Each structure stands twice: as structure tokens, then as C-alpha cells.
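Numbering (this note's numbering), first residue to last: 1 to 347. C-beta atoms are modelled at their ideal positions from N, C-alpha and C, and glycine is treated no differently. Treat the numbers as computed from the prediction; the structure is a model and nothing was measured.
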């Protein structure tokens, strides 16, 4: 049985303590689950804050933490009907028996199969490249929540962070016309050159002046009526930013706004403007399985291009399992589009 063997895992013994590398048993497989071999697992910008309790994610130490992961299926529960041992997978969403280890136990419904022959052998993706499905899935959840379709005009702001940048990329893959807005001129230029071949990306540098930014965003949509969708990625401590008001001001009547950021406070909204224009404001946290499967379709069809190859604009940094502190340091520093940090556990 798999459970008779041990593995190396990072264990959180208590909130506020550093992760410790230990030998622990490989979890038992049970009905409704699979044991997965971890190849790479994401380290996000908030990983350390989650582990210390600064971000209120429910964790009950001692625990092996979990994040979005790429790997191979090692053992299947007796009720699995659609997965195969050895199959490449993507998974997310469980917080115990997690993926900061060589092996993890995952619910079957959290496992999304990937076509390894197509993606790795034919398309040339690395396992680390495929880890970019993590932030892309969060963007996919928000875009689908506000019914983005091919041909829609979508404002993304701020667009040069890790998740905002992924949102730009996914929206383009879905066939939308995208306005990417940010204060970071150099990253907007990089993004513009990366996606120039689509012919559907316009970059707008935000000035902080509400009137100027609203006019610039609306003009960039190419329509006198404004954008169909505004996707907001307000970060922590963004309460004084004017981009949210500008994005709403650039929406057409009956426009949709998706709130996907992490602003840690109240945000003023133009109440009467929203009512008169019949806007729809929709919050969305994370994503559902259907969003992951739709994202994989975009990837395997070639509409969505991930990875760190030439011209991609992406830099992926991989750390060993015993370098997790350095990995979390790097992830906290590298919050921008084009940067990704992973633990290369099983490669």
C-alpha cells in the first residue's frame, strides 16, 4: 500500500512558526480521493501571510499546506471512473494532506486531467509553465461570472499585477477586446509587445486624475458607449486609488463590473450613476471546476498561450522544497505580471 512509505513534506506546526521539513507518511487513498505525485506547486504573493494568519484562511495546524499544483496521479480511490494512474493533472483547493510535499491526497472533483502528449511533448510546455494555470483560473472565474464573450470590450485595472495580467491574457484568449490599465508604464509596454499579434489589446497609463483616466479608458474601448465589462483587481491598501471610479465611468449602459481584488476597506461607488446606467456589480472569489476545464480547453486548443518561452514576457523561478523561505520571499517581492514562483518538488 502507498501509506506504508514516508515522504518529505513541509509542515506548519503552529501559526507564526516557519515551515519545517519533515518525513511524514504518504496519506492513505480513500473513496472520493486520489494520491497525487507533486511535480510543481505554486507559491503566491500571499502564501506567507496565509500561513501566519494575516490572511484569514482556515488552517488547523499541524498541517501540510496546499496550493495549485501540477503533477501525476499516483493512486486512485475505488470509486474513480474517469482518471488514470500516471495521468498528468492540475489541481487546487484542499488545505490538509496538501501539496507542499512529494505526495498529496486530493478530492477527485478537484483534479483536472491534462493532455501530457499534447501540452508537454507537442507544444513544449514545461511543468512549471503549466503552473500558470493557477492565476489564470482565478481570472477565468471572474470573467465567466460576468459573461464575457468573444467580441466584448473588457477593461482590466490594475492590469500589471500577477492576477490582473493573467486576466488580460485569458480575456484575449476568450476573444475579447481588452483595455489594460495601470500606472506602470514599462510593464504596459511589455504587455503591449507581448500581445501585439492579437490586435485586440490597448494599453492605458493611469494618471490618478479621475476625469482624464475615465476619458482615456472610454476612448480606448473604441466605442462612444464604453466598455461591456470592467474587471477590478484592486490590491490591498488601494482605497485612495481613482481607477475604480474611472473604470465604472467608462462602462456602457447595462455594463458589468467584476470585483476580484483584495481592497481591505470600503470603496466609494457612484450610486446614482450605477442606478441610471443599470450596471451590474458582481463579486467573485476564486473559481469553479467548470472554469478550470474551460481554461484547459483554451490552452489545449492553442488559444491561450502560457509559459516562459521567448517573447512570452514570463519569468518563472523554481525553488527546491528546502528553499521554501526563499521562495516565499521572492513571491512577496514579485507581485507583477510576468513573474511566477514555484516549488519544484518532484522534478
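Close-in-space but distant-in-sequence residues of the same chain around residue 175 (CB under 6 Å, 5 per side omitted): 150
Taking the straight line between their C-alpha atoms, what separation do you get for residue 36 and residue 141? 24 Å
Between which two residues does the beta strand (DSSP E) containing residue 70 stretch? 69-76
Return helix, strand or coil for residue 157, following the three-state DSSP convention. strand
For residue 51, does the three-state DSSP call read helix, strand or coil? helix
Which ranges would you report for the alpha helix (DSSP H) in the segment 233-285 if only whole runs of at least 4 residues count? Within the segment 233-285, the complete alpha helix (DSSP H) runs of at least 4 residues are 243-249 and 271-277.
Count the other CB atoms within 10 Å of the CB of residue 236; is the residue buried (16 or more) or exposed (fewer)? exposed
By how many angstroms is the C-alpha of residue 184 removed from the C-alpha of residue 334? 14 Å
Give the range of the beta strand (DSSP E) segment to which residue 163 is assigned. Segment 162-173 is the alpha helix (DSSP H) holding residue 163; no beta strand (DSSP E) there.
Selection from 166, 292, 253 and 162 that minimises the alpha carbon distance to residue 349: Nothing in the structure corresponds to residue 349, since the chain is present only between 1 and 347.
Could you tell me if residue 23 is buried or exposed, where buried requires 16 or more neighbouring beta carbons within 10 angstroms of its beta carbon? exposed
Find the nearest neighbour of residue 332 within the set 19, 46 and 10, judged by alpha-carbon distance. Residue 332 has its Cα closest to that of 46, out of 19, 46 and 10.
Please give the ranges of any alpha helix (DSSP H) in the segment 86-132, keeping only runs that are unbroken, at least 4 residues long and fully inside the region. 127-130
Count the CB pairs spanning the segment 44-63 and the segment 92-110 that are closer than 8 Å, and state whether there are at least three. yes
Whole-angstrom Cβ separation of residue 68 and residue 8, contact assumed at under 8 Å? Incorrect: roughly 20 Å between the Cβ atoms, too far for contact.
Relative to the alpha-carbon of residue 125, which residue among 144, 162 and 70 has its alpha-carbon at the smallest distance? 70
Distance between beta carbons of residue 258 and residue 232, contact taken as under 8 Å: 7 Å
Let me check one thing: in DSSP terms, what residues is residue 24 bridge-paired to? 7
Give the range of the beta strand (DSSP E) segment to which residue 146 is assigned. Counting along the chain, no beta strand (DSSP E) covers residue 146, and no H or E run does either.
I'd like the list of long-range same chain contacts for residue 33, defined as Cβ closer than 7 Å, with 5 residues on each side in sequence excluded. 77, 105, 106, 107 and 108
What residue range is occupied by the uninterrupted beta strand (DSSP E) comprising residue 43? From DSSP, residue 43 is part of no beta strand (DSSP E); its letter is neither H nor E.
Taking all protein chains shown into account, do 16 or more other C-beta atoms lie within 10 angstroms of the C-beta of residue 261, making it buried, or fewer, making it exposed? Buried is the call here.
Best match in 43, 198, 59 and 121 for proximity to residue 329 [C-alpha to C-alpha]: Per the Cα distances, 43.
What residue does the beta strand (DSSP E) around residue 177 start on, and which one ends it? 177-182
Opposite residue 339 in the DSSP bridges: which residues? 315
Assess contact between the segment 278-285 and the segment 115-123, defined as three or more Cβ pairs (one per stretch) separated by less than 8 Å. Is contact present? no
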